[in-house]
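What follows is a short report on a single structure.
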Amino acid sequence: MKKTALTVLLALCMTPLAGMAQVVVRIGPPAPIHEHMGPRPHPGWVWQPGYQYWDGNRYTWHAGVWVAPPHPGAVWVAHHWVHRHDGWVLIEGHWR
Numbered sequence: 147m148k149k150t151a152l153t154v155l156l157a158l159c160m161t162p163l164a165g166m167a168q169v170v171v172r173i174g175p176p177a178p179i180h181e182h183m184g185p186r187p188h189p190g191w192v193w194q195p196g197y198q199y200w201d202g203n204r205y206t207w208h209a210g211v212w213v214a215p216p217h218p219g220a221v222w223v224a225h226h227w228v229h230r231h232d233g234w235v236l237i238e239g240h241w242r
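Throughout, our numbering is defined as the position within the sequence shown, counted from one, plus 146.
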């Protein structure tokens with residue numbers, strides 16, 4: 147029982163570290179695809195544009211979507227790629 151509890155505790159402590167890991171891609175991302183947003187489904191919803199992500203072998207397009215913001219006045223900062231010394235790193239989209 148103690149061994150199981152210790153294993154679960156260790157896994158929970160390591161979870162934030164896994165979320166902070168960044169993958170460096172040596173090949174630059176292709177240009178974004180122009181998407182038709184369509185009409186806003188509900189007042190106040192925000193468009194999260196699509197982006198290219200690395201699936202381990204190649205870039206794949208993740209289509210944009212309309213979403214409800216988490217709170218009034220929230221601003222979506224889109225996913226974007228940043229060139230670093232060793233290659234390209236995806237900065238995840240987030241609410242500000």
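The C-beta atom is built at its ideal place from N, Cα and C for all residues, glycine as well. Just so it is clear, the structure is predicted and the values come from calculations on it, not from any experiment.
What residues in its chain sit with their C-beta under 8 Å from that of residue i, if we drop five residues either side in the sequence?
i, result
"E238", "H225"
Just to check my reading of the structure: residue i and residue j have Cβ atoms closer than 8 Å, yes? What is that Cβ distance to the nearest angstrom?
i, j, result
"E181", "G196", "5 Å"
"W234", "V170", "7 Å"
"R186", "W212", "6 Å"
Here's the rule I'm using: 16 or more other beta-carbon atoms within 10 Å means buried, otherwise exposed. How should residue i be labelled?
i, result
"Q198", "buried"
Looking only at its own chain, which residues have a Cβ that is under 6 Å from the Cβ of residue i, when we skip the five neighbours before and after it?
i, result
"R242", "V221 and V223"
"R188", "Going by the sequence as given, residue 188 is His instead of Arg. Closer than 6 Å at the Cβ level, and outside the excluded window around H188, lies no residue."
What is the DSSP secondary structure of residue i, counted as helix, strand or coil?
i, result
"I237", "strand"
"Q198", "strand"
"V169", "coil"
"R242", "coil"
Between which residues of its own chain and residue i is the CB-CB distance below 7 Å, once the five residues before and five after are set aside?
i, result
"H240", "V223"
Is the beta carbon of residue i within less than 7 Å of some heavy atom of the ligand COA?
i, result
"V211", "The ligand COA is not among the ligands present in this structure, which contains no ligands whatsoever."
Quiz item: Taking the runs of the beta strand (DSSP E) that are 3 residues or longer, which of them lie wholly in the region 185 to 232?
Solution: 192 to 194, 197 to 200, 205 to 208, 211 to 213 and 226 to 230
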